[in-house]
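Peer 1: Below: one structure in structure tokens.
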Amino acid sequence: MASAIKTRNTATRLLTAVAVLSGLVLGAAQANAATPPPAETPTAAAVLPVVDMEATVLAAQIDPRRADSTQTPGAHDSVLAVEQALQARGLLDAKWVDGYFGTTTIAAYAAYQRSLGYSGLDANGLPGTSSLTALGQGRYTITHQIGPGAKLQRDGYTVNTRTQNMLTEAERLLGLHLTLDQGSYNPGGDPTSAGTHDGGGVVDINVDGMTAATRTAVAQALRQVGFAAWVRNPTQGNWPWHIHAAAISDTDLATQAQNQTGDYYLGFNGLANHGPDDGPRIPIQTWEQYQRTH
Numbered sequence: 000m001a002s003a004i005k006t007r008n009t010a011t012r013l014l015t016a017v018a019v020l021s022g023l024v025l026g027a028a029q030a031n032a033a034t035p036p037p038a039e040t041p042t043a044a045a046v047l048p049v050v051d052m053e054a055t056v057l058a059a060q061i062d063p064r065r066a067d068s069t070q071t072p073g074a075h076d077s078v079l080a081v082e083q084a085l086q087a088r089g090l091l092d093a094k095w096v097d098g099y100f101g102t103t104t105i106a107a108y109a110a111y112q113r114s115l116g117y118s119g120l121d122a123n124g125l126p127g128t129s130s131l132t133a134l135g136q137g138r139y140t141i142t143h144q145i146g147p148g149a150k151l152q153r154d155g156y157t158v159n160t161r162t163q164n165m166l167t168e169a170e171r172l173l174g175l176h177l178t179l180d181q182g183s184y185n186p187g188g189d190p191t192s193a194g195t196h197d198g199g200g201v202v203d204i205n206v207d208g209m210t211a212a213t214r215t216a217v218a219q220a221l222r223q224v225g226f227a228a229w230v231r232n233p234t235q236g237n238w239p240w241h242i243h244a245a246a247i248s249d250t251d252l253a254t255q256a257q258n259q260t261g262d263y264y265l266g267f268n269g270l271a272n273h274g275p276d277d278g279p280r281i282p283i284q285t286w287e288q289y290q291r292t293h
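Each residue of the sequence shown is one higher than the last, beginning at 0 in numbering that gives the first Met the number 0.
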């Protein structure tokens with residue numbers, strides 16, 4: 000009899016343990032079912048690429064002037080994002096989406112600018128802040144924005160604020176005043192200029208009374224602050240001695256001036272003969288790059 004009672008007690012304890020264990024398992028299952036899965040962490044694909052405007056504008060000046068498909072250092076990712084945006088709008092074939100801002104990309108970008116209602120200098124294929132921002136809506140963000148600033152008068156000629164600031168800094172470096180012979184935004188004003196002064200960023204410096212050494216020093220100072228600058232003489236064309244200077248990466252540059260700045264980076268003289276650069280050779284930099292180190 001005692002053995003039977005012991006057996007029943009043991010069985011009872013086992014059943015109780017099983018019930019408790021079953022309750023714990025069920026409770027855990029219910030708790031897990033009630034707890035929502037953790038939210039997914041946003042993937043890298045959700046982060047928009049960044050377009051460096053300085054690098055993009057620089058590539059748009061240099062790449063079209065290259066004899067090969069070498070890409071402008073530091074510009075690949077930015078140019079690629081711009082080209083992908085142009086492709087998405089049906090303005091650029093996939094085979095040209097490669098990070099190289101060549102003539103085909105220039106033409107596609109100019110077409111996009113025209114689609115925004117722009118014309119003339121505002122549709123020259125060189126990215127400006129407004130068009131680059133509009134193109135990038137939902138596709139990329141922009142850093143290192145640049146622009147020419149407002150127009151103003153200097154020596155009776157029109158220039159923009161960026162150009163004026165560059166000239167002022169060159170004067171400070173030289174310790175002398177620079178007088179203009181021709182300004183910017185002067186379409187058709189001087190046929191010998193071949194359209195380089197039609198847009199912004201381009202000026203001619205008067206060199207009357209300067210020695211050869213001073214002319215060279217002026218050209219060097221202009222180059223130091225971000226101009227593509229050359230001393231011009233009467234043997235090169237139908238013009239008097241002067242210094243021709245084009246502000247690199249001025250987004251108002253006429254196409255002809257864009258070509259000159261691209262040629263400058265590639266070691267040429269900016270003339271139609273495509274001769275070697277005959278000016279003082281110093282490390283090439285833009286106005287913005289100069290400002291960051293001075």
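Glycine included, every Cβ here is placed at the ideal spot set by N, Cα and C. Just so you know, these numbers come straight off a predicted model, no measurement behind them.
1. For His273 and Asn258, I'd like the C-alpha separation in whole angstroms.
2. Check this for me: beta carbons of Thr162 and Asp249, under 8 angstroms apart or not?
3. Can you tell me whether Ile141 is helix, strand or coil according to DSSP?
4. Taking a contact to mean a Cβ-Cβ separation below 8 angstroms, would you say Ile141 touches Glu53 in this structure?
5. State the Cα-Cα distance for the pair Val50 and Arg113, rounded to the nearest angstrom.
6. In terms of alpha-carbon separation, which member of Ala211, Gly266, Leu177 lies closest to Leu221?
7. Could you tell me whether the segment 85–94 touches the segment 116–124, where touching means 3 or more Cβ pairs closer than 8 angstroms?
8. Going by the CB atoms, is the gap between Gly198 and Leu252 shorter than 8 angstroms?
9. On a CA-only basis, which of Thr260, Ala211, Asp277, Ala271 is nearest Gln284? Give me that one, please.
10. Name the residue from Glu168, Gly73, Tyr289, Val201 whose alpha carbon lies nearest to the alpha carbon of Ile242.
11. Cutting at 8 angstroms between CB atoms, please list the residues of its own chain near Tyr143, excluding the five before and the five after it.
12. Which word fits Arg231, buried or exposed, when buried means at least 16 other C-beta atoms lie within 10 angstroms of its C-beta?
13. For the segment 49–107, list the alpha helix (DSSP H) runs that are entirely contained and at least 4 residues long, ordered along the chain.
14. Would you say Gly278 and Ala218 are within 8 angstroms of each other, going by their C-beta atoms?
15. Go ahead and pull the three-state DSSP assignment for Leu252.
16. Under 6 angstroms Cβ to Cβ from Leu47, same chain only, skipping five residues before and after it: list those, please.
17. Bridge partners of Ile242, per DSSP?
18. Is DSSP giving Pro275 helix, strand or coil here?
19. In chain order, what residues of the same chain lie with their CB nearer than 8 angstroms to the CB of Ala109, ignoring the 5 residues before and after it?
20. His196 to Leu79, Cα distance in whole Å?
21. If I'm right that Gly269 touches Trp229 with Cβ under 8 angstroms, what's the distance once you round it to whole angstroms?
22. Consult DSSP for His157 and reduce its assignment to one of helix, strand or coil.
23. For Asp62, count the other beta carbons within 10 Å of its own beta carbon; 16 or more makes it buried, fewer makes it exposed. Which is it?
24. Suppose contacts are defined by Cβ-Cβ distances below 8 angstroms. Is Val158 in contact with Gly182 by that definition?
25. Reducing DSSP to helix, strand and coil, say where Ser21 ends up.
26. Under 6 angstroms Cβ to Cβ from Asn205, same chain only, skipping five residues before and after it: list those, please.
27. Verify whether the separation of the beta carbon atoms of Gly225 and Ala246 is less than 8 angstroms.
28. Is the Cβ-Cβ distance between Arg88 and Leu265 less than 8 angstroms?
29. Whose C-alpha, out of Gln136, Gln60, Thr132, Asp67, is nearest the C-alpha of Ala106?
30. Is Leu85 closer than 8 angstroms to Tyr117 when the C-beta atoms are compared?
Peer 2: This is what the structure holds:
1. 11 angstroms
2. yes
3. strand
4. Using a Cβ distance threshold of 8 angstroms, Ile141 and Glu53 do not count as a contacting pair.
5. 21 angstroms
6. Leu177
7. Segments in contact, no.
8. yes
9. Gln284 has its Cα closest to that of Thr260, out of Thr260, Ala211, Asp277, Ala271.
10. The candidate whose alpha carbon is nearest that of Ile242 is Val201.
11. Note that residue 143 corresponds to His in the displayed sequence, not to Tyr. Counting only Cβ-Cβ distances below 8 angstroms, and skipping sequence neighbours, we find Asp51, Met52, Glu53, Ala54, Glu287.
12. buried
13. 52–61, 75–87
14. yes
15. coil
16. Setting aside the 5 residues that flank it on each side, Leu47 is surrounded in the same chain by Tyr139, Thr140, each with a C-beta closer than 6 angstroms to its C-beta; the list follows chain order.
17. Ile204, Val230
18. strand
19. Around Ala109, the same chain offers Ala122, Asn123, Gly124 as residues with beta carbons nearer than 8 angstroms, after the five sequence neighbours per side are excluded.
20. 30 angstroms
21. 6 angstroms
22. Looking at the sequence provided, one finds Thr at residue 157 rather than His. In the structure shown, Thr157 sits in a strand (DSSP, three-state: E or B).
23. With 16 or more neighbouring CB atoms inside 10 Å of its own CB, Asp62 falls in the buried class.
24. yes
25. Annotation note: pLDDT 41 at Ser21 (below 50); position unreliable, coordinate value reported separately. Helix at Ser21.
26. Thr178, Asp180
27. Yes; because the gap between Cβ atoms is below 8 angstroms, this pair is in contact.
28. no
29. Gln60
30. no
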